[in-house]
Each structure stands twice: as C-alpha cells, then as structure tokens.
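Student: The sequence shown begins at -5 in this note's numbering and counts up by one. The beta-carbon is built from N, C-alpha and C at its ideal position, and this holds for glycine as well. Just so you know, these numbers come straight off a predicted model, no measurement behind them. Have a look at the structure that comes next, please.
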Amino acid sequence: MVDVQHWLSALPPGVLYLIVAGVIGVESMGIPLPGEIVLVSSALLAATGVVEPEWVATAAAAGAIIGDSVGYAVGRRGGRPLLQRLGRRFPKHLGPAQLARAEQSFARHGVWAVFFGRFVALLRILAGPLAGALHVPYRRFLVANAAGGLVWAFGTTYLLFSVGRAAEHWLKDISWAGLALAVLAGLASTWWLRRRARHLESAAVPDEAGERVPAGDR
C-alpha cells in the first residue's frame, strides 16, 4: 500500500480522483482490483493536504455506484454462465466456493447483501453481477447500492482523513486525547461494519429444502 500511496502522490489531483473512480468502478463491475487500497491510500494523502477528502470520497462513491450498476446490467444479461466464466478466469477470487457463499448471502438477505457487501472484499466484487444474474429488482438494488457506496466511500475517506490529521496533530502538539478519540472511533465503526458484513456472509445458508430463493422473490 505504501508503494501505491507514493505513486498516487506524484499524480495531479484531478488524475488521482479519476483513478480512484476508475479502479473502484472496474472492481465493482466484477473484476478483482485493489479498490480499497486505492481509496485508503488516497484518503491518507488527503490528510496530508495533497488532495481534498470530499473529492476523494465523491470519486469513490461515483465509481462504486456506477460500477455496480454496470455490473448489474452485465450480470442480468449474462446470467450464471457469465459468473462461471469469471470464476474460471479469477479462480482465487471468484471460484465456485466464493460464488456459492455470495449467492447464499443474496438468497438469505436480499438487497442488504448489496449494502453490507460493500464492506466485504468478495461481495464488493460480486454484488452487481450477482444481483443482476439473480434478477433482483433494479430499483431495490439501486437504493442499497447507492446507500452502501456512499457510506463506504465517505465513511472510509473521512475516517482515515480524521485519523491522519489527528496523528499529525499529535506529532506536533502531543495531543493524546485527539489521537485516542479518532483511533477509537475509527476502530469501533470499522469493527461494527465489518462484523455485520461478515455475519451476513457467514450466516447465509440454504433453506431446509436445500433450495436457494432468489433475492428478487423475497
């Protein structure tokens, strides 16, 4: 991540915002890319004044929402055969086991899997294509997609921005209280979101008949 941050710091702000949106957008379409690493690195750069946090967050949210919507359209058109082809191309990230867990999450939790999936690497990649393949109603998908993208993008950016600024202030003025509060707030919020997201993923199991119910039919 240090190398990514160093590389991003050498770019003009406008180009960096486009890269943030582009990488996260392509990742959200179903192609494994380091979207979270790019966002974290950019947010830390914002804490040093290299870029503006609001534009980093806006770019990340736009990439997430648009990318997921494109992934939804592709998944709806290509269906499960498309997901299986992606699994053969990226077996480490999108193999049969990963696809099965993601599909179970959708079958059990519906659009909530889209919202909390933004905080889990596997579902962040598969949410759009899988929702389309399972024929989740687009309006419901869009609401969950937009909410998850905004909370993830702005929450991550401003969390790391605040921690970075508090750390810089601590180094200058030895403000232990500010640093401690920022770190504790960051850890607490991140822990809760990730715990909730992982609970959705791990709790997903087929129904008693062994059949998975498409999320759109719930």
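#1: Please say whether SER36 and LEU136 have beta carbons closer to each other than 8 Å?
#2: Helix, strand or coil for GLU48 per DSSP?
#3: In angstroms, rounded to a whole number, what distance separates the CA positions of VAL9 and GLY142?
#4: List, from N- to C-terminal side, the beta strand (DSSP E) runs of 3 residues or more that fit wholly inside the stretch 54 to 116.
#5: Do ALA41 and ARG159 have their CB atoms nearer than 8 Å?
#6: According to DSSP, simplified to helix, strand and coil, what is TRP170?
#7: Roughly how many angstroms lie between the CA atoms of PHE155 and ALA54, to the nearest whole one?
#8: In the structure shown, what three-state DSSP assignment does ILE13 receive?
#9: Can you tell me whether TRP146 is buried or exposed? The criterion is at least 16 other CB atoms within 10 Å of its CB, across all chains shown.
#10: Nearest CA to the CA of ARG74: which residue from PRO85, GLY61 and LEU93?
#11: Can you tell me whether GLY43 is buried or exposed, with buried defined as 16 or more other CB within 10 angstroms of its CB?
#12: From ALA51 to PRO131, what does the alpha carbon distance come to, in whole angstroms?
#13: Does the distance from the CB of VAL91 to the CB of ALA56 come in under 8 Å?
#14: Is the Cβ-Cβ distance between ASN139 and VAL108 less than 8 Å?
#15: Got a sec? Which residues, its chain only, sit under 6 Å from LEU5 by beta carbon, not counting five neighbours each side?
#16: With H, G and I counted as helix, E and B as strand and the rest as coil, what does DSSP make of ILE25?
#17: From the DSSP output, in three-state form, read off LEU128 for me.
#18: Is the beta carbon of LEU12 less than 8 Å from the beta carbon of VAL20?
#19: Please tell me whether ARG17 and VAL32 are closer than 8 Å, where the distance is taken between their beta carbons.
#20: Drop a sphere of 10 angstroms on the beta-carbon of GLU30, count the other beta-carbons inside from all chains shown, and report buried for 16 or more, exposed for fewer.
Tutor: The structure says:
#1: no
#2: helix
#3: The straight-line gap from Cα to Cα measures roughly 25 Å.
#4: none
#5: yes
#6: Low per-residue confidence applies at TRP170: pLDDT is 46, beneath 50, and the placement is therefore not dependable, though the value from the model is reported in the following sentence. Correct three-state label for TRP170: helix.
#7: Here the alpha carbons of ALA54 and PHE155 stand approximately 14 Å from one another.
#8: ILE13 sits in a helix when the DSSP states are folded into three classes.
#9: buried
#10: If we check each option's Cα against that of ARG74, LEU93 comes out closest.
#11: exposed
#12: 27 Å
#13: The sequence given here places Ala at residue 91; Val does not occur at that position. No.
#14: yes
#15: none
#16: ILE25 falls in the coil class under three-state DSSP.
#17: coil
#18: Contact flag unset, no.
#19: Reading the sequence as shown, one finds Val at residue 17 and not Arg. Cβ distance < 8 Å, so VAL17 and VAL32 count as in contact.
#20: buried
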